[in-house]
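Protein sequences, first through last, are from chains W and A. Residue 1 is where the first sequence starts when you use my numbering, and the numbers rise one by one after that. Residue 308 is where the second sequence starts when you use my numbering, and the numbers rise one by one after that. Ideal placement from N, C-alpha and C gives every residue a C-beta, glycine not left out. In what follows, a structure is listed as structure tokens, so that the remarks can point back to it.
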Amino acid sequence: MDIFFQQIINGLVQGSVYALVALGYTMVYGILGLINFAHGEVVMIGAMIALAVLQALLAAAFSPVLAVLMSLLVAMAVCMALGYSIERVAYRPLRNAPRLAPLITAIGVSIVLQNLAMMIWGREYHAFTLPFNNASHEVGGAIVNDVQIGIVVVALIIMAGLLWLVHHSRMGRAMRAVAENPSAATLMGVDINRVISNTFMLGSALAAIAGFMVSVNYGIVHYYMGFMLGLKAFTAAVLGGIGNLRGAMLGGVLLGLIESLGAGYIGDLTGGFLGSHYQDVFAFFVLIAVLIFRPSGLLGEKLAERA
Amino acid sequence: MKLHRPANRHLALAAILLVLPFIIDALFGHGWVRIADFALLYIMLALGLNIVVGYAGLLDLGYIAFFAVGAYTYALLGSPQFGLHWPMWVTLPLGALIACIFGVLLGAPTLKLRGDYLAIVTLGFGEIIRIFLNNLNAPINITNGPQGISGIDALQVGGFSFGESHQWLGVRVDDVHLHYYLFLAFTLLVIFVSRRLEDSRIGRAWVAIREDEVAASAMGINTRNIKLLAFAMGATFGGISGGLFAGFQGFVSPESFSLMESIMILCMVVLGGMGNIGGVVLGGILLVALPELFRNAAGPVQMALLGKVVVDPESLRMLMFGLALILVMLWRPAGLWPSTQRRRELNAEEGA
Numbered sequence: 001m002d003i004f005f006q007q008i009i010n011g012l013v014q015g016s017v018y019a020l021v022a023l024g025y026t027m028v029y030g031i032l033g034l035i036n037f038a039h040g041e042v043v044m045i046g047a048m049i050a051l052a053v054l055q056a057l058l059a060a061a062f063s064p065v066l067a068v069l070m071s072l073l074v075a076m077a078v079c080m081a082l083g084y085s086i087e088r089v090a091y092r093p094l095r096n097a098p099r100l101a102p103l104i105t106a107i108g109v110s111i112v113l114q115n116l117a118m119m120i121w122g123r124e125y126h127a128f129t130l131p132f133n134n135a136s137h138e139v140g141g142a143i144v145n146d147v148q149i150g151i152v153v154v155a156l157i158i159m160a161g162l163l164w165l166v167h168h169s170r171m172g173r174a175m176r177a178v179a180e181n182p183s184a185a186t187l188m189g190v191d192i193n194r195v196i197s198n199t200f201m202l203g204s205a206l207a208a209i210a211g212f213m214v215s216v217n218y219g220i221v222h223y224y225m226g227f228m229l230g231l232k233a234f235t236a237a238v239l240g241g242i243g244n245l246r247g248a249m250l251g252g253v254l255l256g257l258i259e260s261l262g263a264g265y266i267g268d269l270t271g272g273f274l275g276s277h278y279q280d281v282f283a284f285f286v287l288i289a290v291l292i293f294r295p296s297g298l299l300g301e302k303l304a305e306r307a
Numbered sequence: 308m309k310l311h312r313p314a315n316r317h318l319a320l321a322a323i324l325l326v327l328p329f330i331i332d333a334l335f336g337h338g339w340v341r342i343a344d345f346a347l348l349y350i351m352l353a354l355g356l357n358i359v360v361g362y363a364g365l366l367d368l369g370y371i372a373f374f375a376v377g378a379y380t381y382a383l384l385g386s387p388q389f390g391l392h393w394p395m396w397v398t399l400p401l402g403a404l405i406a407c408i409f410g411v412l413l414g415a416p417t418l419k420l421r422g423d424y425l426a427i428v429t430l431g432f433g434e435i436i437r438i439f440l441n442n443l444n445a446p447i448n449i450t451n452g453p454q455g456i457s458g459i460d461a462l463q464v465g466g467f468s469f470g471e472s473h474q475w476l477g478v479r480v481d482d483v484h485l486h487y488y489l490f491l492a493f494t495l496l497v498i499f500v501s502r503r504l505e506d507s508r509i510g511r512a513w514v515a516i517r518e519d520e521v522a523a524s525a526m527g528i529n530t531r532n533i534k535l536l537a538f539a540m541g542a543t544f545g546g547i548s549g550g551l552f553a554g555f556q557g558f559v560s561p562e563s564f565s566l567m568e569s570i571m572i573l574c575m576v577v578l579g580g581m582g583n584i585g586g587v588v589l590g591g592i593l594l595v596a597l598p599e600l601f602r603n604a605a606g607p608v609q610m611a612l613l614g615k616v617v618v619d620p621e622s623l624r625m626l627m628f629g630l631a632l633i634l635v636m637l638w639r640p641a642g643l644w645p646s647t648q649r650r651r652e653l654n655a656e657e658g659a
């Protein structure tokens with residue numbers, strides 16, 4: 001029973017990160033119908049920038065709290081600029097092109113970012129620890145530390161804020177209008193290009209936060225970390241119903257839980273035949289099963305036939 | 308075949324293709340003949356994926372799994388792993404058949420899905436296959452895990468082995484040259500089948516489904532079977548080239564079947580010109596040759612310009628490759644050599 005509770009906690013923490021990244025995928029998809037394959041790399045760049053700034057500020061004897069906040073803010077700003085530029089350079093010129101063309105440029109951007117990061121930061125793993133004491137607590141037989149609590153709390157606040165933004169602010173209304181019907185939105189005076197840029201910047205800011213979170217949780221950053229994370233997050237977005245904000249949140253948390261419970265119990269379930277290294281298989285099997293029974297994801301609306 | 312084309316053009320092309328490995332060998336060296344062999348394998352793969360993505364419009368991000376199935380079938384039945392040494396004319400078709408079955412297995416439950424949902428399921432399928440290959444070394448050792456299988460039998464027909472050099476009329480023909488001709492023969496076969504499919508009833512049904520599934524089914528097309536057929540055909544081509552790959556390399560490991568490989572093949576199809584055989588072939592050649600060119604250029608150019616190697620040539624090569632992908636797509640959104648039909652559609656949209 002202790003393992004069960006422990007895996008639930010691990011799953012919730014990992015799931016919160018997935019959810020934040022998945023939101024970036026889902027917002028872009030909802031508005032442009034485009035899989036932003038480079039989003040995972042934006043997460044990685046966010047983590048790298050945050051680490052670099054944090055180390056520089058700590059070396060300059062800033063107070064730890066200020067240094068952490070500053071590094072997070074700088075990472076968010078850099079990622080927003082990056083997200084904006086990616087859209088301008090690689091997606092906007094192809095908005096009326098065949099559907100798969102922006103997918104290829106997205107893959108190109110992803111390759112470029114990954115290799116840029118490798119040139120700047122090298123192939124090695126970098127340690128990423130917060131300059132605070134990370135105390136562990138025992139809750140009902142399971143162990144949870146301050147960083148994990150922080151991740152879940154911050155993720156919840158951000159998701160609540162995002163929902164408020166999308167449903168109650170002027171910008172959110174414009175976003176929903178463009179997602180619903182771009183040409184009608186234009187007629188109503190919505191500047192589509194600005195909405196799309198805003199969406200990319202918003203998603204990238206979330207990606208930076210997620211990158212920061214996943215790095216402090218595991219204590220390491222690496223130039224290749226964005227790829228698998230991005231893939232999982234996209235899976236989560238699809239699981240929840242792509243294009244749907246609440247779906248991405250639910251999908252992210254669910255995927256985190258499925259993975260950690262799967263890793264914890266797959267050995268027992270299969271009589272020791274399959275070990276915990278099959279955790280990814282487990283996640284994908286669940287995804288396929290869900291999509292077979294609910295082809296548009298858990299919370300996805302029944303879409304009319306669209307070519 | 309279009310008969311109104313001058314026959315000598317075909318003859319000239321055939322002559323060039325026949326002497327090409329010797330020209331490449333003389334001009335660029337042995338290594339590039341090997342690269343040409345790989346280019347042919349990738350062209351086969353790209354043509355197989357072209358059936359699924361280009362003709363039927365089903366976005367498949369896990370296509371490499373079928374390549375893996377073909378390669379591992381060949382490897383397991385023709386290596387010291389199980390002490391089996393079955394001949395190529397059994398293992399190759401068997402690999403193709405098993406890949407085909409996997410294609411149907413993947414296709415059957417996912418037919419309801421469309422667009423990007425299908426993409427993520429196929430991606431997951433590809434990863435599942437790779438993870439299994441990577442971990443099926445315990446408790447029973449089947450695939451030898453991450454170490455992969457080595458010592459795979461060379462491709463061999465009767466007593467004739469493609470894995471060693473032969474001497475004919477005083478001319479030494481090396482194994483890479485022999486593989487070139489073997490792969491060329493298979494590639495031409497795949498091109499021929501694709502060509503025939505394109506204008507057939509089935510090919511037109513695929514295009515109809517790609518353009519509008521509801522309309523296609525209203526016209527009496529059995530969309531389920533026709534889509535399954537696309538998956539099965541694509542998978543079969545993948546399985547054949549997988550077997551050839553295993554025999555050529557003599558070694559397979561799960562690393563060769565990562566998601567990045569699926570993405571590369573998709574890039575070949577889209578960059579070259581989806582749905583157009585010539586375009587896909589062009590895409591395959593370019594995407595195999597470009598990274599190799601960059602590999603050879605990345606180090607020396609830095610030396611010449613800056614006097615030392617500043618940036619790791621390997622990452623510089625991939626960086627240039629990524630940039631090339633972006634630039635080519637921005638420059639020609641429909642691919643380098645789009646099919647005439649697609650070009651017409653694009654022009655019509657611009658005119659409207």
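Pairing W/ASN115 with W/GLY141, the inter-Cα distance amounts to about 43 Å. Taking 8 Å as the threshold, the shortest C-beta distance from W/GLY247 to chain A does not fall below it. The count of Cβ pairs closer than 8 Å, one atom from the stretch 314–328 of chain A and one from the stretch 554–568 of chain A, stays below three, leaving the stretches out of contact. No Cβ-Cβ contact shorter than 8 Å links W/PHE128 with W/PRO64.
Checking the DSSP bridge columns, you'll see A/LEU391 partnered with A/SER386. The Cβ of A/ASP367 sits no closer than 8 Å to any Cβ of chain W. Residues of the stretch 442–457 of chain A with a C-beta less than 7 Å from any C-beta of chain W: ASN442 and PRO446, listed in chain order. Annotation: A/ALA596 to A/PRO607 spans about 18 Å, alpha carbon to alpha carbon. A/ALA406 has its alpha-carbon roughly 29 Å from the corresponding atom of A/TRP644. Closer than 7 Å at the C-beta level to chain A, one finds these residues of the stretch 103–115 of chain W: ILE104, THR105, ILE107, GLY108, VAL109, ILE111, VAL112 and ASN115. For the stretch 604–620 of chain A, the residues whose beta carbon sits under 7 Å from a beta carbon of chain W are, in order, VAL618 and ASP619.
Where A/ARG479 is concerned, the enclosing beta strand (DSSP E) starts and stops at 478–480.
Under a criterion of Cβ atoms nearer than 7 Å, the residues of chain A adjacent to W/PHE284 are, in order, GLY431, GLU434 and ILE435. Cα atoms of W/THR186 and W/THR26: separation of roughly 22 Å, rounded to the nearest angstrom. W/GLY150 is the residue among W/GLU180, W/SER215 and W/GLY150 whose C-alpha sits nearest the C-alpha of W/ILE9. As the crow flies, the alpha-carbon of A/PRO620 is around 12 Å from that of A/GLU599. Spanning the alpha carbons of W/LEU206 and W/GLU87 requires a straight line of approximately 16 Å. DSSP places W/PHE293 within a helical segment (H, G or I) once states are collapsed to three.
Across the structure, W/ALA208 and W/ALA236 are spaced so that their CA atoms are roughly 18 Å apart. Scanning the stretch 568–616 of chain A for uninterrupted alpha helix (DSSP H) segments of 4 residues or longer gives 584–613, listed from N- to C-terminal end. A/VAL483 sits close to A/ARG341, with the two beta carbons spaced by under 8 Å. Scanning the stretch 214–264 of chain W for uninterrupted alpha helix (DSSP H) segments of 4 residues or longer gives 225–240, listed from N- to C-terminal end. Closest by C-alpha distance to W/ALA52, out of W/TYR278, W/ALA117 and W/TYR29, is W/ALA117. Beta-bridge annotation (DSSP): W/GLU138 is paired with W/ILE143. The residue among A/SER622, A/PRO561, A/LEU430 and A/ASN532 with its C-alpha nearest the C-alpha of W/MET228 is A/LEU430. In chain order, ASP423, TYR424 and ILE427 make up the part of chain A whose C-beta sits under 8 Å from the C-beta of W/VAL238. Membership of A/TRP475 in the beta strand (DSSP E) is indicated by the continuous run 473–475. For A/PHE439, the uninterrupted alpha helix (DSSP H) run begins and ends at 423–442, by DSSP.
Straight-line spacing of the CA atoms in W/ASN96 and A/GLY585 works out to 24 Å. For the stretch 25–52 of chain W, residues whose beta-carbon sits nearer than 7 Å to a beta-carbon of chain A comprise ILE35.
W/ILE143 sits away from W/GLN55, with the two beta carbons spaced by 8 Å or more. Looking at A/ASP460, A/ILE323 and A/ALA319, the one whose alpha-carbon comes closest to that of A/PHE552 is A/ASP460. When 8 Å is used as the limit between beta carbons, W/MET118 is near these residues of chain A: ASP619 and SER622, in chain order.
Considered as a whole, the stretch 24–76 of chain W harbours 39–59 as its complete alpha helix (DSSP H) runs of no fewer than 4 residues, in chain order. Assigned with DSSP and collapsed to three states, A/ILE405 falls in helix. A/ILE498 has its alpha-carbon roughly 54 Å from the corresponding atom of W/ALA160.
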